[in-house]
Amino acid sequence: MHMDLGAAPGVPTVLYTQRQHELDTLFSSLPTPARSLEGCWRGRLMAIRGFGWLPRVFARMLYALLGTPLNPWSGKSFANGTGANRWFGVRGAAFGRFRVVEQAMSPVDQQPVVWLDYDVPENPRLLRHIRGEARQLGNGLILARMNWKTQRGLYRVLYFTLVPG
Amino acid sequence: MIASDVIVIGSGFGGAFAAERLTAAGARVTLLERGPWRDTPSVRAAGVGPRSPLPRGFGFFGRALRSLNLPLLPGGRLRLNAHGLFDLHLGREISVVCSSGVGGGSHVYSAMNVRPAVPDYWRERADGIDTAMMDAHYDAAITRMGARIPDASVPNFIGTRLQQNPLLRPPSVESQPAMGFRFESSTFTDNSFFGCHDGSKVTLDSLLLLPALARGLQVHDLHEVALVGPVRDGWCVTAYDHRAKVYRHLTASRVVLAAGTLNTLRLLFASRDAGALGAVPALGLGVGGNGDVPAYWRCNTADADYSRGTPCHGRFGLRDIAPGSEDDVDLTAYGLNGIDGVPMPEALRRALKRDLILVGMGADQANGLATWTGGRLRLHYSRTANFVLARIYRAFDRIAARSARPVYFLRHWPLTVHPLGGARVGDDPQQAVLDGYGQVHGVSGLYVADAAALPAAPGAPPSMTVAAWASHVAAGIAAQG
Ligand SMILES: Cc1cc2nc3c(=O)[nH]c(=O)nc-3n(C[C@H](O)[C@H](O)[C@H](O)COP(=O)(O)OP(=O)(O)OC[C@H]3O[C@@H](n4cnc5c(N)ncnc54)[C@H](O)[C@@H]3O)c2cc1C
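For the record, the sequence lines run as chains X and C. If you count the first sequence from 1, position 10 lands on 1308 in this note's numbering, and the numbers rise without skipping. If you count the second sequence from 1, position 62 lands on 63 in this note's numbering, and the numbers rise without skipping.
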């Protein structure tokens, strides 16, 4: 399949109107990224747990708002098997670090996934509960899921997209 | 998640012909259609449901329009009713009318089933297509539609009605368009623009899709596709189910886009934007309107009721224009068929029945461009660079002058019911989106089977050209197994 794309892809707006359980199905069918994740990626949040009751049109407005600088979280950066969340700009402050496992199996849907493990010593205790999963939606467009690990299992918290920043 | 061999998007001439042919070849086919099953006699008899009524009576205005696309609207689009019949795309340079529902354009079209006016239309378009093979697909499609030329017994048939007209000249009866129509059982009323109430117009839901259901075709109506992209094992299609009000994700090893020109282009652009297709440099090139110019002739023929008859009354020319000369354009006439179902004062209705709709048509240059900005499709189309339009305007001016009755048409604002191109067929990926088998160049498993694929304007009503193309695409997919 031809996958050369000059400009960074746009995030399809149809993602913002979907509920978590709807995105779960899409996410399960996606492949892992064709190349290792490196560099800075701009992020957009969607399908946040607890907001599933919002009418779609309002959900779309909320996530559009969360895509503006009002939301301090700007995305993620990756380098040599590790990564960090970026705040106040896609090259801004790094907080919330993770280890990247390129060829993992998702414990949620038992399909290949890039696994983002926040259980690293640099993180405060609370953040160490986070487990991320990333797959490729299009060339240069990553769909990812943030989960919360407890003793009873993994809980889906939200979805986000990443495009080269 | 629903998995199948092929997902077909859209159930008009492209989608229904492709889906039926693939099902017959033994493929597991899922067809997604954004509109509902229509409450037509054959669908009702087959017990398929739920069905949505065609626009008639008090519900007419609520059910006539599905959505309005206007550049000025927020998001570019206002969806009025998911069950509505028509989509209006109002653009500055060209506007488009198309329809929605299982069976696509066959519910609202005028039943003319003809080959291209352009000779050798398919010659040397791309590797994999040859004229003889396409001829066989035309033959099969026209035979399947049961199309034949009306005879003198049909009310208002132009072939006979215009014989004595001093201004208008009907061509020979043999060169009148064949129609996919059940003449014997027809009441010759209410069978055209607003759907056919007595089953006399041959529509694709009853002709192709109901029989294919029995052979395993899955049809999901009211499923509007928003995104198509590659996944681990093929393709994933994201569709909104308007009935259950949920998004569904369906996977298949192949996807056939047949959502009608504008909507297929929207899907291709949206998927390209999401990085799902690669560059597709030719996407949007070659858009045309098949030279359509609709007009309203206030001919006010005494005692006439032009609303009766077949959906189209036939083709005609002007007596003072030599056949075959440059100004000899293809003109067709229609009554305000279906007007009995539109709520309005009786006196107005009687007056409207005495008038005719005229449509001029011809091979335009199909040199328009579709672009995509901020999730909105824009069509760029030059009225002056498509010469056939000026010839049709002259013909209408002549009719108005000679008959001393006004002919109203939009001289500065092209309007078409035959949008085509934008994802055209050809060997050069810089100029064409599809290869000779209908697959997007360099993108394995994604096909286009509708009017967006047409490489040029056929210059005549295009449904059979779309059907022939879709049959060719489906035959290619079926041959791959
Ligand atoms: C008033 C009128 C009269 C006409 N008369 C004639 C005639 O006499 N002879 C002739 O040859 N042609 C005629 N045409 C043109 C003919 O109808 C079209 O050329 C033909 O229908 C094109 O076929 P298609 O498959 O490209 O699209 P369509 O037949 O329009 O089918 C597209 C289908 O896809 C569905 N769809 C769209 N978007 C989506 C989506 N996102 N998800 C799922 N489904 C979707 C639509 O609801 C529709 O059912 C007429 C058209 C009109 C409007």
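We put the beta carbon where it would ideally sit given N, CA and C, even for glycine. If you're wondering where the values come from, they're calculated on a predicted model, not measured in any experiment.
Query, Result
"State the CB to CB distance for the pair His-419 of chain C and Asn-291 of chain C, rounded to an integer number of angstroms; the pair is presumed to be in contact (CB under 8 Å).", "4 Å"
"Excluding the 5 residues preceding and the 5 following His-1300 of chain X in the sequence, name in chain order all residues of the same chain whose CB lies nearer than 8 Å to its CB.", "Only weak support exists for where His-1300 of chain X lies, its pLDDT of 31 falling under 50; the coordinates are left without a value."
"Any chance you could list the alpha helix (DSSP H) runs of at least 4 consecutive residues sitting entirely within the region 345–383 of chain C, in chain order?", "347–354"
"For Pro-1419 of chain X, does the three-state DSSP call read helix, strand or coil?", "coil"
"In three-state terms, what does DSSP make of Trp-414 of chain C?", "coil"
"Along chain C, in chain order, which residues have C-beta atoms closer than 7 Å to that of Gln-1316 of chain X?", "Tyr-248"
"By how many angstroms is the C-alpha of Thr-372 of chain C removed from the C-alpha of Leu-1363 of chain X?", "27 Å"
"DSSP state of Ile-322 of chain C, grouped into three classes?", "coil"
"Between Arg-39 of chain C and the rest of its own chain, which residues show a CB-CB distance below 7 Å, the 5 nearest in sequence each way excluded?", "Arg-52, Ser-53, Leu-55, Gly-102, Val-103, Gly-104, His-108, Gly-196 and Asp-206"
"I need the DSSP call for Glu-225 of chain C, collapsed to helix, strand or coil.", "strand"
"Less than 7 Å separating the beta-carbons of Thr-239 of chain C and Asp-451 of chain C?", "no"
"Please report the Cβ distance between Asn-192 of chain C and Ser-186 of chain C, rounded to the nearest whole angstrom; I am assuming they are in contact, meaning their Cβ atoms lie under 8 Å.", "Between Ser-186 of chain C and Asn-192 of chain C the Cβ distance is about 11 Å, and since that is not below 8 Å, they are no contact."
"Please identify the residue among C:Gly-477, C:Met-465, C:Ala-471 and C:Ala-479 whose C-alpha is closest to the C-alpha of Ala-148 of chain C.", "C:Met-465"
"Going by DSSP, what residue range makes up the alpha helix (DSSP H) through Met-134 of chain C?", "132–146"
"Check each residue of the region 1435–1447 of chain X: if its Cβ is closer than 9 Å to any Cβ of chain C, include it; give the result in chain order.", "Leu-1435, Gly-1436, Asn-1437, Gly-1438 and Leu-1439"
"Let me know if Asp-1302 of chain X comes out buried or exposed under the rule of 16 or more other beta-carbons within 10 Å of its beta-carbon.", "Note on Asp-1302 of chain X: pLDDT 33, under 50, position unreliable in the model; the coordinate value appears next. Exposed, because fewer than 16 other Cβ atoms sit within 10 Å of the Cβ of Asp-1302 of chain X."
"Just how far apart, CA to CA, sit Thr-311 of chain C and Arg-377 of chain C?", "37 Å"
"Under a three-way DSSP split, which group does Phe-1396 of chain X fall into?", "strand"
"Whose C-beta lies closer than 6 Å to the C-beta of Tyr-1314 of chain X among residues of the same chain, with five residues either side of it excluded?", "Met-1344, Arg-1358 and Tyr-1361"
"If you drop the 5 nearest sequence neighbours on each side, which residues of the same chain put their C-beta closer than 8 Å to that of Ser-1372 of chain X?", "Arg-1340, Gly-1341, Arg-1384, Trp-1385, Phe-1386, Gly-1387, Val-1388, Gly-1390 and Gly-1463"
"Do Gly-50 of chain C and Arg-64 of chain C come within 7 Å of each other at the CB atom, strictly closer than that value?", "no"
"Give me the chain C residues within the contact set of Pro-1370 of chain X, using Cβ-Cβ distance strictly less than 9 Å, ordered along the chain.", "Those within 9 Å of Pro-1370 of chain X in chain C number zero; the least Cβ separation is about 26 Å."
"Bridge partners for Asn-1445 of chain X per DSSP, in chain order?", "X:Arg-1429 and X:Arg-1454"
"How is Arg-29 of chain C classed by DSSP in three states: helix, strand or coil?", "coil"
"Relative to the C-alpha of Gly-1381 of chain X, which residue among X:Trp-1413, X:Pro-1370 and X:Val-1406 is closest?", "X:Trp-1413"
"Buried or exposed for Leu-1456 of chain X, please, with buried defined as at least 16 other CB atoms from any protein chain shown within 10 angstroms of its CB.", "buried"
"Which whole-angstrom value is the C-beta distance of Ala-453 of chain C and Gly-477 of chain C, which I expect to be below 8 Å?", "Not a contact, Cβ separation roughly 17 Å."
"So if I threshold CB-CB distances at 7 Å, which residues from the region 1326–1349 of chain X count as touching chain C?", "Ser-1327, Leu-1328 and Pro-1329"
"How many Å lie between Gln-1318 of chain X and Tyr-241 of chain C at the Cα?", "15 Å"
"Closer than 7 Å between beta carbons: that is the criterion. Which residues of the region 219–233 of chain C meet it against chain X?", "Ala-227, Leu-228, Gly-230, Pro-231, Val-232 and Arg-233"
"Can a CB atom of chain X be found closer than 7 Å to the CB of Asp-1 of chain C?", "Coverage of chain C is limited to positions 2 through 482, which leaves residue 1 of chain C absent and any answer about it impossible."
"Under 6 Å from any heavy atom of ligand 1, does the C-beta of Met-113 of chain C make it?", "yes"
"Is the shortest distance between the beta-carbon of Asp-242 of chain C and the beta-carbons of chain X less than 7 Å?", "no"
"Contact between the region 83–99 of chain C and the region 427–438 of chain C: three or more CB pairs below 8 Å?", "no"
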